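Novice:
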Ligand SMILES: [Zn+2]
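Numbering (the UniProt record's numbering), first residue to last: 1 to 268.
#1: Whole angstroms are fine: how far does the CA of residue 239 sit from the CA of residue 124?
#2: Can you say whether residue 207 is buried or exposed, counting buried as having 16 or more other CB atoms within 10 angstroms of its CB?
#3: Return the chain-ordered list of same chain residues with a C-beta closer than 6 Å to the C-beta of residue 189, the five sequence neighbours on each side being excluded.
#4: I'd like to know whether the C-beta atoms of residue 163 and residue 153 end up nearer to each other than 8 Å.
#5: What's the call for residue 183, buried or exposed, on a 16-neighbour Cβ count within 10 Å?
#6: Distance check for residue 134 and residue 232, CA to CA, integer angstroms please.
#7: Over what stretch of residues does the alpha helix (DSSP H) that includes residue 122 continue unbroken?
#8: Helix, strand or coil: how does DSSP classify residue 207 here?
#9: Could you spell out where the alpha helix (DSSP H) holding residue 182 opens and where it closes?
#10: Is the closest heavy atom of ligand 1 to the C-beta of residue 45 under 7 Å?
#11: DSSP three-state call for residue 46: helix, strand or coil?
#12: Are the stretch 90-104 and the stretch 64-79 in contact at 8 Å, needing three or more beta carbon pairs?
#13: When you measure from the CB of residue 76 to every non-hydrogen atom of ligand 1, does any distance come out below 7 Å?
#14: Measure the C-alpha to C-alpha separation of residue 227 and residue 217 and round it to an integer number of angstroms.
#15: Using three-state DSSP, classify residue 269 as helix, strand or coil.
#16: Does the Cβ-Cβ distance between residue 195 and residue 252 come in under 8 Å?
#17: By the three-class DSSP mapping on this structure, what secondary structure does residue 64 have?
#18: Let me check you understand the geometry: is the CB of residue 42 closer than 7 Å to at least one non-hydrogen atom of ligand 1?
#19: Please indicate yes or no: does the CB of residue 70 lie closer than 7 Å to some heavy atom of ligand 1?
#20: Taking a contact to mean a Cβ-Cβ separation below 8 Å, would you say residue 107 touches residue 90 in this structure?
#21: Using a threshold of 8 Å, state whether the C-beta atoms of residue 16 and residue 38 are closer than that.
#22: Across the stretch 50-58 and the stretch 2-19, are there enough close Cβ pairs to call them in contact, namely three or more that are closer than 8 Å?
#23: Should residue 67 be counted as a contact of ligand 1 given a C-beta to heavy atom distance under 7 Å?
#24: Throw me the rounded Cβ distance for the residue 119 and residue 127 pair, which I believe falls under 8 Å.
#25: Which partner residues of residue 230 appear in the DSSP bridge assignment?
#26: In its own chain, which residues sit with a C-beta less than 6 Å from the C-beta of residue 157, not counting the 5 before and 5 after it?
The structure is reproduced here in structure tokens:
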């Protein structure tokens with residue numbers, strides 16, 4: 001029974017998630033994610049370790065600051081739980097004893113997706129520093145994996161992230177270009193185009209194309225629901241980054257199966 005492994009992974013994920021919360025609050029402003037120590041944004045009181053227990057503190061404090069009673073955003077426990085559950089999912093999908101390198105690679109990839117999703121939802125922007133470090137992480141992974149399996153992999157392997165980047169960037173660039181002609185305004189942010197390129201560097205060209213397709217489906221469904229609920233109108237710009245991230249997540253966990261289904265559908 002691996003229950004204790006999953007529990008430890010979940011707790012570890014929530015702790016990492018609480019660091020992500022600091023990054024989500026500070027990165028868009030270009031502030032340091034290390035100094036100063038965590039403090040309440042309303043009363044500036046420095047928080048004690050007891051206020052910083054992932055998930056639990058939020059519920060024990062009933063979502064309010066212990067010192068000034070200001071409301072704490074539900075984003076804090078949400079990011080912690082999402083990170084915990086996704087890390088457990090990764091342990092299940094990429095067993096550390098058999099696929100250690102893929103596990104580490106996907107933990108890093110998922111971490112970028114979580115940060116970008118919540119920053120885009122809150123600020124409608126995707127920090128360049130995340131896109132650039134994401135590219136660097138993907139390139140180092142493919143380099144490492146190539147060196148690791150040197151006799152078995154040929155140099156073509158090193159082109160995978162490059163093809164993925166071109167496929168992600170190219171598709172989104174076209175959508176942005178054609179959409180601009182039809183709607184006479186920006187239909188996609190520049191950040192979304194670069195995010196798709198970064199996702200391509202991680203996933204390779206096949207999976208990134210399918211992930212973009214899924215992202216458009218997800219975005220269309222969400223936009224339709226929001227329109228019906230009258231939360232947005234046709235002129236609103238809804239952040240697309242989170243849909244791209246969810247499309248990529250689906251490909252991380254079920255990409256191989258989806259591609260083989262897709263190929264069978266085409267060729268039989
Ligand atoms: Zn406070």
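Cβ atoms here follow ideal geometry from the backbone N, Cα and C, with glycine treated the same way. It should be emphasised that the depicted structure is a prediction, and the values quoted were computed from it without experimental measurement.
Specialist: In terms of the structure at hand:
#1: 6 Å
#2: buried
#3: none
#4: no
#5: exposed
#6: 31 Å
#7: 100-123
#8: helix
#9: 160-183
#10: yes
#11: strand
#12: no
#13: no
#14: 15 Å
#15: The structure shown has nothing for residue 269, since the chain only spans 1 to 268.
#16: no
#17: strand
#18: yes
#19: yes
#20: yes
#21: no
#22: yes
#23: yes
#24: 6 Å
#25: Bridge partners of residue 230: none, in fact.
#26: 146
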